[in-house]
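What follows is a short report on a single structure.
Number of protein chains: 2
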Amino acid sequence: MLKTNHYFDGDVVSIAFQTETLPATVGVMAIGEYTFDTSQRETMTVVSGALTVQLPGNETWETFRQGDQFIVEANQIFNLKVEVETAYLCTYQ
Amino acid sequence: MLKTNHYFDGDVVSIAFQTETLPATVGVMAIGEYTFDTSQRETMTVVSGALTVQLPGNETWETFRQGDQFIVEANQIFNLKVEVETAYLCTYQ
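Chains as they are written, first to last, in the working numbering: chain A, 1 to 93; chain B, 101 to 193.
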């Protein structure tokens, strides 16, 4: 039985699973702007669409597209803008 | 508000969304064996893990791994074996 999590009134939904090596989620973000905090080191891969991200401590925003990856260390806050519904894979370390 | 669908008693869960061009789902399959039928042409991409697939009309099974893609035409039945929890992206045409 796989577990889903709903955030931001259901505008971000994820499904938790276990890769061969790491806990992971795959999810979708609706169009919008979001602030997330991390409890573990997160490696985010864009599966479809694009995420425009302000990484912790950065003033600038960077856009990650299908196949691109970025890392956020544990206990950080980061901001995201989503202009097209976007699917992502996140692994936790 | 994103919509989730649960199949096989929650062993397959997907989230529906819209890419820039096509309707899509991203989902996870728990370890198990499944038979699916298609109502539209489906392009399946393995996001994490592996899917061992018996495509319609085939006697043989083929394993698709992270980044691999296969297509199933509309109104077909196909069989899947999943040996590690696997995330996939499916687009519909």
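Don't be surprised by glycine CBs; every beta carbon is placed ideally from N, CA and C.
>> Closer than 9 Å between beta carbons: that is the criterion. Which residues of the region 77 to 89 of chain A meet it against chain B?
In response: V84, E85, T86, A87, Y88, L89
> From which residue to which residue does the beta strand (DSSP E) around G32 (chain A) run?
Replying inline: 32 to 37
> Interface residues of chain B around D11 (chain A) at Cβ under 9 Å?
Replying inline: M101, L102
>> Give me the chain A residues within the contact set of V147 (chain B), using Cβ-Cβ distance strictly less than 9 Å, ordered along the chain.
In response: V26, T45, V47, A87, L89
> Who are F64 (chain A)'s beta bridge partners in DSSP?
Replying inline: A:L51
>> Assuming the contact rule is C-beta atoms closer than 8 Å, L102 (chain B) and V28 (chain A) should be a hit. Round their C-beta distance to whole Å, please.
In response: 5 Å
> At what residues does the beta strand (DSSP E) containing A87 (chain A) begin and finish?
Replying inline: 86 to 92
> If you measure from the beta carbon of T163 (chain B) to each beta carbon in chain A, is any gap under 8 Å?
Replying inline: no
> Comparing alpha-carbon positions, which option in B:N179, B:T186, B:V172, B:V147 lies nearest T138 (chain B)?
Replying inline: Its Cα nearest to that of T138 (chain B), the residue B:V172 stands out among B:N179, B:T186, B:V172, B:V147.
> By Cβ distance, which residues of its chain are closer than 8 Å to Q51 (chain B), with the 5 residues on each side in sequence left out?
Replying inline: The structure shown does not extend to residue 51 (chain B), since chain B spans only 101 to 193, so no value can be given for it.
>> Which residues in chain A have a C-beta closer than 7 Å to the C-beta of F117 (chain B)? List them in chain order.
In response: V28, E85, A87
> For the beta strand (DSSP E) that P23 (chain A) lies in, which residues bound it at each end?
Replying inline: Note, P23 (chain A): beta strand (DSSP E), 23 to 29.
> How about E120 (chain B): is its C-beta nearer than 8 Å to some C-beta of chain A?
Replying inline: yes
> A130 (chain B): which of B:H106, B:A124, B:T119 sits nearest, CA to CA?
Replying inline: When each option's Cα is compared against that of A130 (chain B), the closest is B:H106.
>> Pop quiz: L119 (chain A) and Y34 (chain A) are said to be a contact at Cβ under 8 Å. What is the actual Cβ separation, rounded to whole angstroms?
In response: The structure shown has nothing for residue 119 (chain A), since chain A only spans 1 to 93.
> With C-beta atoms as the reference, is G32 (chain A) less than 8 Å away from V82 (chain A)?
Replying inline: yes
> According to DSSP, which residues form a beta bridge with Q69 (chain A)?
Replying inline: A:T45
> In terms of DSSP beta bridges, what is F108 (chain B) paired with?
Replying inline: Looking at the DSSP output, F108 (chain B) sits in no beta bridge, so it has no partner there.
> Between the beta-carbon of A187 (chain B) and the beta-carbon of V112 (chain B), is there less than 8 Å?
Replying inline: No; because the gap between Cβ atoms is not below 8 Å, this pair is not in contact.
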